[in-house]
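The structure under discussion appears below in the form of structure tokens.
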Amino acid sequence: MTPVVFVLNGPNLNLLGLREPAIYGAGTLADLEELCRASGSRLGLTVDVRQSNHEGDLVDWIQEARTAAQGIVLNAGALTHTSVAIHDALRAVGVPAIEVHLSNVHARESFRHHSYVSPVAAGVIVGLGPDGYDFALQALARRIARPDPSSEPITA
Ligand code: CA2
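Numbering (the working numbering), first residue to last: 25 to 180.
So, in structure tokens, the structure goes:
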């Protein structure tokens with residue numbers, strides 16, 4: 025069966041293309057979703073792309089991934105910098121997650137420099153725009169095809 029990867033986008037990413045093109049580019053969320061689906065079909069992945077402005081939706085979807093997906097690409101938006109709930113959900117499910125940000129958060133305000141997602145992510149990609157999602161899907165496709173035998177789900 026084709027492996028399933030959830031691509032989860034958090035608050036305000038539905039505004040892509042409508043404002044702040046200098047930071048986030050001119051592409052819309054629909055463009056980004058299409059890029060992810062095209063990348064998934066090239067890589068032999070079923071990509072399920074979702075966006076929500078609500079923290080609880082993201083927590084529910086991360087929990088859903090425990091039984092429904094083999095990987096997660098997560099751009100939690102501003103919740104990256106605030107959400108212990110998303111950190112705990114990622115720890116609990118043990119599904120490899122790649123954290124993605126369109127902008128280089130480290131070149132921006134200091135409040136964007138800390139991430140609650142990074143310590144529980146399999147990898148982090150920042151500042152590469154929509155390409156970052158493609159690279160994250162490539163990384164997950166490789167990892168799913170050749171899982172690291174020493175990697176255990178995090179339970180502590
Ligand atoms: O760079 C990223 O991908 C971010 O996750 C985007 C978040 C931001 O809070 C993070 O620090 C970095 C913001 C989501 C997009 O917000 C928009 C606001 C206005 C217009 C377009 C997008």
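Beta carbons are placed, not taken as given, at the ideal position from N, Cα and C, and that holds for glycine.
Since we're looking at a predicted model, the values are computed, not measured.
- DSSP, reduced to helix, strand and coil, places residue 91 within a helical segment of the structure shown.
- By the neighbour-count definition (other C-beta atoms within 10 Å, threshold 16), residue 65 is an exposed residue.
- Residue state for residue 169 is assigned as helix, using DSSP reduced to three classes.
- For residue 31, the enclosing beta strand (DSSP E) has its first and last residue at 28 to 33.
- Where residue 147 is concerned, the enclosing beta strand (DSSP E) starts and stops at 147 to 150.
- Apart from sequence neighbours up to five positions away, the residues of its chain that approach residue 87 with a beta-carbon distance below 7 angstroms are 113, 117, ordered along the chain.
- Note on residue 101: 16 or more other CB atoms within 10 angstroms of its CB, so buried under the neighbour-count rule.
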